[in-house]
Amino acid sequence: MDITTEEQHTLKSRSFYCKPLKMTRALHLPGVGKPTTPLRVSRVSGPEGDPMLGDARACAATCWPPTQGACCLQTSCNPAADARKNLPTTGARKMKMQPHSQREHNGPGSSVHEGMWKDQCEEWPGEDGEKLADVTDGRGIRVVPSMQRAEDSSESHEEEQAPEDQDTNELFPGGARKLPPLNLTYQVPEWQEEYKGQVNLHVFEDWCGGAVGHLRRNLHFPLFPHTRTTVKKLAVSPRWRNYGLRIFGYIHPARDGDVQFSVASDDNSEFWLSLDESPAAAQLVAFVGKTGSEWTAPGEFTKFSSQVSKPKRLMASRRYYFELLHKQDDRGSDHVEVGWRTYLPGLKFEVISSAHISLYTDESSLKMDHVAHVPQSPASHGRGHLPMEEPSADMLRPDPRDNFFLTPRMEPSSLESVLEPCAYAPTYVLKDFPIARYQGLQFVYLSFVYPNDYTRLTHMETDNKCFYRESPLYLERFGFYKYMRMDKRAGEEDAEEEVQRRAFLFLNPEADVNSSAAMQPVTSFLSLSQVSRPQLPAEGEEEEEGEEEDRAPGDEVASEDSEEDAAGRAPGRWREDAIDWQRTFSVGAVDFELLRSDWNDLRCNVSGNLQLPEAEAVDVAAQYMERLNARHGGRFSLLRIVNVEKRRDSARGSRFLLELELEERGGGRLRLSEFVFLRVPGAHSRDEEGESPEPPPAAASLRPDSRPELCRPLRLAWRQDVVVHFIVPVKNQARWVVQFLADMASLHAHTGDPHFSVILVDFESDDMDVERALRRARLPGYQYLRRTGNFERSAGLQAGVDAVEDPSSIVFLCDLHIHFPPSILDSIRKHCVEGTLAFAPVVMRLGCGSSPRNPRGYWEVNGFGLFGIYKSDFDRVGGMNTEEFRDQWGGEDWELLDRVLQAGLEVERLRLRNFYHYYHSKRGMWGTRSHKGTRKEPS
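So our numbering is basically just the index in the sequence shown, starting at one, shifted up by 1.
If you want it as structure tokens, here you go:
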């Protein structure tokens with residue numbers, strides 16, 4: 002039936018008092034005004050036959066004063082669905098009211114003082130699992146609790162969130178600690194074909210912070226944005242500050258199959274995906290950060306491990322609800338984009354375009370206070386969207402490499418006949434090549450790693466952006482906009498050309514404006530409002546409110562102006578009339594990893610190991626598995642690729658360390674860890690005498706497509722049972738000696754490895770009994786050497802190596818302040834090959850106040866003091882230089898590196914996960930007579 006004018010007046014004037022988990026207050030039921038379409042309502046009877054009307058549009062419930070035994074009454078919001086389930090379309094669904102106080106109330110319409118009542122609405126034992134939900138009115142105010150079937154709900158509900166600093170006893174009277182259920186949208190609006198090509202975009206302005214959690218704290222989120230509009234692709238860059246975006250709609254896959262998603266943004270973002278069209282089923286599949294300090298460059302889809310989703314099986318005949326949340330603060334190159342790719346090796350992420358998206362619903366004709374259509378999903382609420390404990394660094398996330406050494410290894414003897422043997426003599430080896438002192442570290446090459454081990458210190462790139470090629474000054478002024486190609490509209494071509502000219506003049510401040518060189522285009526896509534000089538306020542006009550608060554601490558207007566004048570321009574104040582919330586962009590195929598070189602980068606100490614392309618790693622693994630099963634009759638199946646390391650030699654081929662997890666038919670899981678060589682066709686290697694030791698390859702081993710062929714490199718096999726000796730000189734470092742021995746004992750307990758020992762060279766420590774502590778430590782082997790006199794690191798290390806009797810064992814020149822990962826022994830053995838290979842792992846130096854659980858610091862890219870080498874090779878190169886570095890240290894590691902390289906050995910250089918150097922002060926170390934020698938920086 003239709004609502005009469007009198008009934009509308011009755012609804013608008015009536016006050017209700019029930020509001021769960023909040024203080025009681027009088028609220029009017031709005032939104033009944035002049036409906037554009039007749040509203041069907043159900044009549045129910047209240048106390049003393051008082052008629053009440055339910056607004057089907059807002060699914061409102063009516064509650065009488067919460068005296069003992071009173072009940073909430075609600076009409077049905079979905080009579081058709083109720084009829085299908087044999088539920089009454091009229092009448093009341095009941096809820097018990099448990100009053101916090103036993104004060105008397107006079108009935109509907111009576112005035113209730115705020116704070117007089119705290120009510121807890123509990124579910125009356127009802128039919129078919131009725132659930133409690135909140136209801137929002139036309140202004141987003143929760144009116145009364147409603148009893149709805151979750152599967153029938155299509156209304157807009159706002160979550161009742163508990164303040165972070167409020168006691169749960171105050172929120173839940175009677176000691177109940179269970180949070181109220183989330184209010185989710187299960188029934189979606191009718192979808193139409195014309196919705197394709199764009200998605201809904203809600204903008205929340207004037208809200209500081211860079212984390213999505215900050216956006217959820219906004220009073221108006223998610224129902225009442227500043228702006229409702231649409232966007233035509235999932236790549237948005239409004240070029241504004243202090244805002245949040247909520248983008249939602251449907252994704253339409255192009256074909257059936259497994260799909261991976263990735264999100265990139267500055268600052269934080271979250272991408273939620275439902276496996277059907279229901280918002281209630283949305284799950285968080287990818288995100289960038291959670292603290293507001295994390296960010297990515299445009300199109301940088303693999304910076305964080307959290308950015309990339311697990312494969313999702315999608316069908317082209319269905320549509321899938323998604324939600325994208327983005328928060329931008331007042332700094333950086335604001336952008337957010339979602340990419341996807343078919344789950345196949347080597348494919349790049351591509352931004353999801355208009356051909357594969359559609360609206361959730363058409364909002365163009367709705368007023369801003371109409372919110373019933375706004376979807377409520379788990380992304381809309383603050384609870385449970387992220388794990389309780391997120392690692393402070395990507396490197397702390399579990400990785401199969403960390404414990405792969407515990408898997409039984411396949412016997413190398415059973416693998417000798419899998420590949421043809423070939424000589425291994427890379428062209429970058431410096432045997433007998435004259436080099437200047439300390440020049441050797443410039444001839445150390447880096448290896449490529451697959452899969453991503455996340456040794457890149459992304460959490461340290463807030464201030465240190467050396468991973469990117471642009472200078473810090475350029476990034477501060479222009480950001481990363483040059484990697485974005487804005488989707489142009491009519492009339493923007495001239496502005497684009499002017500922006501390119503301005504960017505060029507910034508990079509070349511001395512260039513002649515009228516010269517032809519100055520007019521050469523530069524890839525930059527800044528808007529004019531961002532690079533023009535700010536318009537000063539007119540006389541008597543005050544500056545914009547809050548401008549002083551927005552300035553970074555310590556900055557002064559005078560210094561800023563002088564610096565900007567010196568640079569030739571000012572950054573300018575963004576013009577509000579230039580905001581375009583619908584501005585989309587395309588991302589060029591820029592892979593920042595591909596821009597890196599395998600030279601030892603001594604300038605950037607936050608970049609991680611080089612990344613090996615997935616397609617290349619998969620191809621090598623597939624070739625080896627094909628040959629392995631051909632040799633062993635198909636007994637082995639590949640479970641996963643755990644680790645692949647590549648050292649490149651463009652002239653002769655590439656060396657790979659291949660580590661695969663296999664399953665043997667009728668047996669258990671095995672570990673394959675072998676060196677292989679991918680030889681360039683036509684390349685020939687010769688040994689030291691100039692003769693080729695490799696036999697001619699069999700005709701069957703040549704690939705018909707002339708592609709590089711795998712072979713087994715001679716004299717390049719590592720031993721799993723070789724003994725590793727940790728050699729550490731010490732003097733008056735009692736607390737660090739105790740910690741070091743405890744870490745070594747823990748390493749032995751965790752690995753059960755009996756093939757290592759600790760050699761401590763003590764320079765007359767008087768603050769503890771080092772020998773006694775060493776004897777009491779639970780170690781598989783140890784030696785104590787006592788030396789007199791002043792502390793000498795070179796002499797101490799040499800004495801420790803001299804105490805090792807077996808020349809075919811590994812000596813690891815070590816420091817006292819090191820935290821070792823459990824895989825350290827395996828890492829040392831794999832990268833040390835007698836006569837061929839030495840190992841210089843890169844350690845992460847922790848900053849003051851940092852710990853292995855919260856690592857903040859940098860990679861020690863210049864240091865080679867942690868060094869693993871076979872004793873026979875160490876003796877062959879002459880050992881430590883104890884003459885020049887008698888009473889000083891600093892530089893002895895570089896000098897040793899020079900001689901190791903000139904002896905014809907390779908030096909493997911890798912950043913190791915969870916390998917740390919503890920922070921400590923150097924004040925008073927090793928005695929007052931010792932001093933550190935002046936260390937020249939390499940030219």
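C-beta atoms are modelled at their ideal positions from N, C-alpha and C, and glycine is treated no differently. Just so it is clear, the structure is predicted and the values come from calculations on it, not from any experiment.
For MET316, is the classification buried or exposed, using 16 other Cβ atoms within 10 angstroms of its Cβ as the cut-off for buried?
Exposed is the call here.
In or out: ALA800 buried (at least 16 other Cβ within 10 Å) or exposed?
The residue in question, ALA800, is buried, as its Cβ has 16 or more Cβ neighbours within 10 Å.
Going by C-alpha distance, which of HIS918, CYS815, VAL908 and ALA743 is nearest GLY836?
When each option's Cα is compared against that of GLY836, the closest is VAL908.
Since I believe TYR469 is in contact with ALA298 (beta carbons under 8 Å), could you give me their beta-carbon distance rounded to a whole number of angstroms?
Yes, ALA298 and TYR469 are in contact; Cβ-Cβ is about 7 Å, under 8 Å.
Confirm, please, whether the CB-CB distance from LEU826 to LEU906 is below 8 Å.
Cβ atoms of LEU906 and LEU826: not closer than 8 Å.
Given a cut-off of 8 Å, decide if ARG320 and SER359 are closer than it, judged by their beta-carbon atoms.
Yes.
Considering only residues of the same chain and omitting the five flanking positions on each side of LYS732, which have a CB-CB separation below 6 Å?
Only PHE764, SER766, PHE792 and TRP927 meet the Cβ criterion.
Determine the direct distance from the alpha carbon of ASN606 to that of ARG794, and round the result to whole angstroms.
Their backbone Cα atoms lie some 25 Å apart in a straight line.
Rounded C-beta distance between PHE678 and CYS712? I'm assuming under 8 Å.
About 5 Å; that satisfies the 8 Å criterion.
From ALA652, MET461, ASP602 and ARG720, pick the residue whose C-alpha is nearest to that of LEU847; which is it?
Cα-wise, what sits closest to LEU847 is MET461.
Quick one: is PRO254 buried, meaning 16 or more other Cβ sit within 10 Å of its Cβ, or exposed?
The residue in question, PRO254, is buried, as its Cβ has 16 or more Cβ neighbours within 10 Å.
Would you give the residue range spanned by the beta strand (DSSP E) that GLN740 belongs to?
Run containing GLN740: none in the beta strand (DSSP E); it sits in the alpha helix (DSSP H), 735 to 752.
Would ALA287 be called buried (16 or more neighbouring beta carbons within 10 Å of its own) or exposed?
Label assigned to ALA287: buried.
Does DSSP put ILE829 in a helix, a strand or coil?
Reduced to three states, the DSSP call for ILE829 is helix.
Would ILE252 pass as a contact of ASN201 if the rule is Cβ separation under 8 Å?
The answer is no: Cβ separation not under 8 Å.
What residues are listed by DSSP as bridge partners for LYS197?
Paired residues: SER359.
Given a threshold of 16 other Cβ atoms within 10 Å of its Cβ, counted over all protein chains shown, does SER270 qualify as buried or as exposed?
Counting Cβ neighbours within 10 Å, SER270 comes out buried, since at least 16 surround it.
Confirm, please, whether the CB-CB distance from LYS234 to PHE449 is below 8 Å.
Cβ distance not < 8 Å, so PHE449 and LYS234 don't count as in contact.
Give me the residue from GLN261, LYS197 and CYS209 with the minimum Cα distance to VAL946.
Outside the displayed range of the chain (2 to 940) lies residue 946, so it cannot be described from this structure.
For ARG716, which residues in the same chain have their Cβ closer than 7 Å to its Cβ, ignoring the five residues on either side in sequence?
The residues are TYR425, GLY836 and THR837.
Whole-angstrom Cβ separation of VAL337 and VAL588, contact assumed at under 8 Å?
The pair is not a contact, with the Cβ atoms about 11 Å apart (cut-off 8 Å).
Taking just the CA atoms, how far does ARG854 sit from SER414?
Each residue's Cα considered, the two are about 40 Å apart.
How big is the Cα-Cα spacing for GLY245 and THR362?
Their backbone Cα atoms lie some 20 Å apart in a straight line.
Can you tell me whether TYR625 is buried or exposed, with buried defined as 16 or more other CB within 10 angstroms of its CB?
When all chains shown are included, TYR625 counts as buried.
What is the residue span of the beta strand (DSSP E) that SER334 lies within?
First-last for SER334: undefined, no H or E at that position.
Whole-angstrom Cβ separation of LEU611 and ASP599, contact assumed at under 8 Å?
Sure, about 6 Å apart at Cβ, within 8 Å.
What is the DSSP secondary structure of THR186, reduced to helix, strand or coil?
Coil, per DSSP.
For PHE222 and VAL204, I'd like the C-alpha separation in whole angstroms.
So the alpha carbons of these two residues sit roughly 10 Å apart.
Where TYR920 and MET396 are concerned, what is the direct C-alpha to C-alpha distance, given to the nearest angstrom?
Going from the Cα of TYR920 to the Cα of MET396 covers about 19 Å.
Could you tell me the alpha carbon to alpha carbon distance between ALA265 and GLU301, rounded to whole angstroms?
Between ALA265 and GLU301, the C-alpha separation is close to 6 Å.
Of the residues VAL419, ALA718 and GLU662, which one's Cα is nearest the Cα of LEU640?
Checking every option, the nearest Cα to that of LEU640 belongs to GLU662.
With 16 other CB atoms within 10 Å as the buried threshold, where does PRO1 fall?
Examination of residue 1 is not possible in this model, given that the chain is present from 2 through 940 alone.
Spatial neighbours of VAL189 within its chain, please: CB distance less than 6 Å, with the 5 preceding and 5 following residues excluded, ordered by chain position.
The residues are GLU278.
Taking all protein chains shown into account, do 16 or more other C-beta atoms lie within 10 angstroms of the C-beta of SER263, making it buried, or fewer, making it exposed?
Label assigned to SER263: buried.
By how many angstroms is the C-alpha of GLU324 removed from the C-alpha of LEU420?
Roughly 50 Å between the two C-alpha positions.
Candidates PHE757, LYS923 and ALA804: which alpha carbon is nearest PRO781's?
The option with the nearest alpha carbon to PRO781 is PHE757.
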